[in-house]
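Residue numbering for the sequence shown follows the numbering used here, starting at 24 and increasing by one per position. Worksheet: one structure, shown below.
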Amino acid sequence: MASQSMKKLAAANTEILKQIHLLAVIINLIVIMVLLVFNRPKSLIPYSLFSCPAFFCQFIIEQSARPVYDVDRMSGQRKLLKAGEDVKHEGLYEYMFDTMYITWIIDILMIVLGTNKVWWLYSIIPGFAIFKVVGLVKGLKGNKPETKPEEPEAPQKSKRQAKREANKNKVVRNVR
Numbered sequence: 024m025a026s027q028s029m030k031k032l033a034a035a036n037t038e039i040l041k042q043i044h045l046l047a048v049i050i051n052l053i054v055i056m057v058l059l060v061f062n063r064p065k066s067l068i069p070y071s072l073f074s075c076p077a078f079f080c081q082f083i084i085e086q087s088a089r090p091v092y093d094v095d096r097m098s099g100q101r102k103l104l105k106a107g108e109d110v111k112h113e114g115l116y117e118y119m120f121d122t123m124y125i126t127w128i129i130d131i132l133m134i135v136l137g138t139n140k141v142w143w144l145y146s147i148i149p150g151f152a153i154f155k156v157v158g159l160v161k162g163l164k165g166n167k168p169e170t171k172p173e174e175p176e177a178p179q180k181s182k183r184q185a186k187r188e189a190n191k192n193k194v195v196r197n198v199r
């Protein structure tokens with residue numbers, strides 16, 4: 024029997040996949056229609072080539088997030104076997120969603136502007152990947168700013184020690 028959290032995750036994944044597929048179908052049908060009917064932009068090749076990463080990301084998300092159900096033969100009810108991976112968390116899935124969204128935005132810009140030159144915006148993705156890798160390498164190297172060696176500080180005194188010293192000073196002043 025599936026736990027309540029697995030059922031919630033399965034429902035959330037199903038809803039996310041439904042939204043992704045709906046957006047992809049709408050945007051890609053509009054793009055193909057504009058390319059074929061209005062012949063704007065002239066070539067279909069850049070669209071075909073640069074849409075492949077978005078289709079690939081969508082396929083990977085589909086494979087890993089789709090819940091798996093089994094039908095009980097006796098009662099005929101569906102039982103949740105696997106809820107799928109949680110695709111809402113940060114990490115690789117977040118980058119896949121970003122790749123799909125950037126591709127769809129570029130598709131829309133291609134229709135609006137009527138040129139394939141907008142595909143140069145796709146260089147944002149490898150540029151961001153390079154930025155992340157450089158940050159990771161710097162973190163692994165331990166690039167910390169050089170600091171001058173400090174003189175060793177006197178150890179911190181506890182409140183009790185500070186009170187004792189204060190009382191000794193009071194006694195010494197009273198004696199004088």
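Every residue, glycine too, gets a C-beta built ideally from N, C-alpha and C.
Between residue 130 and residue 54, the C-beta spacing is below 8 Å. Under the Cβ criterion (8 Å, minimum of three pairs), the region 106-118 counts as touching the region 30-42. Residues 104, 105 of the same chain have their beta carbon placed closer than 7 Å to that of residue 91, with the five preceding and five following residues left out of the count. Residue pairing of residue 105 in beta bridges, as defined by DSSP: 91. Considering only 152, 125, 153, 154, the residue with the shortest C-alpha distance to residue 142 is 125. With a threshold of 16 other beta carbon atoms within 10 Å, residue 56 falls short and is exposed.
Less than 8 Å separates the beta-carbon of residue 133 from that of residue 64. The alpha-carbon separation between residue 45 and residue 96 amounts to approximately 33 Å. Judged by DSSP in its simplified three-state form, residue 112 adopts coil rather than helix or strand. Apart from sequence neighbours up to five positions away, the residues of its chain that approach residue 69 with a beta-carbon distance below 7 Å are 139, 142, ordered along the chain.
Minimum Cα-Cα distance from residue 136 among the listed residues 58, 85, 26 corresponds to 58. Put simply, the backbone Cα of residue 27 is about 12 Å away from that of residue 102. In the structure shown, residue 62 adopts coil according to DSSP, grouped into three states.
Contact between residue 84 and residue 43 holds, with the beta-carbon distance rounding to 7 Å and staying under 8 Å.
DSSP, reduced to helix, strand and coil, places residue 140 within a helical segment of the structure shown. Separation of the CB atoms of residue 51 and residue 88 is rounded to 20 Å, and the pair is thereby denied contact status at 8 Å.
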